[in-house]
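> So that we are looking at the same thing, I have put the structure below in structure tokens.
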Amino acid sequence: MHAATIAQLRQRLEILCPSQVEIEDQSERHVGHPGALGGAHLRLRIVSSAFSGKNTRSRHRLVYDAVGDLLHGKIHALIIEAKTPEDL
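For the sequence shown, my numbering assigns the number 141 to the last residue and increments by one with no breaks.
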């Protein structure tokens, strides 16, 4: 469904040098959701040493900065689970 968007998301996240990236497309659960306008609803699980020493908010900010304009149209909702290798 949103394969191109997921591929773009993966590419943008490479700046964080992740050791693991899992993206689940949950868009089908939100069919008819007001305001979705066709944008993807995604769940992201990412593991990166770039998150070391950072709180949840700072980790999410790094992800938002990496994905940039995808959040303004192609992605309607992004659930983020950002961990360090030590968190696992």
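Every residue, glycine too, gets a C-beta built ideally from N, C-alpha and C.
Just so you know, these numbers come straight off a predicted model, no measurement behind them.
Alpha carbon to alpha carbon, how far is F104 from Y117?
The alpha-carbon atoms of F104 and Y117 are separated by roughly 13 Å.
> For I99, is the classification buried or exposed, using 16 other Cβ atoms within 10 angstroms of its Cβ as the cut-off for buried?
Looking at its Cβ environment, which holds 16 or more other Cβ atoms inside 10 Å, I99 is buried.
> Would you decide whether A56 is buried or exposed? Buried here means 16 or more other CB atoms lie within 10 Å of its CB.
The residue is exposed, with fewer than 16 neighbouring Cβ atoms inside 10 Å.
> Thinking R96 and E77 are a contact (beta carbons under 8 Å), I'd like their distance in whole angstroms, please.
Indeed, because the Cβ distance is near 4 Å, the residues count as touching under 8 Å.
> Decide if R114 is buried, meaning its Cβ has at least 16 other Cβ atoms within 10 Å, or exposed.
That one is exposed.
> One question on the structure: do G121 and R65 come within less than 8 Å of each other, judged by their Cβ atoms?
Yes. Within cutoff.
> When we look at the beta-carbon of I132 and count the other beta-carbons within 10 Å, is it buried (16 or more) or exposed?
Looking at its Cβ environment, which holds fewer than 16 other Cβ atoms inside 10 Å, I132 is exposed.
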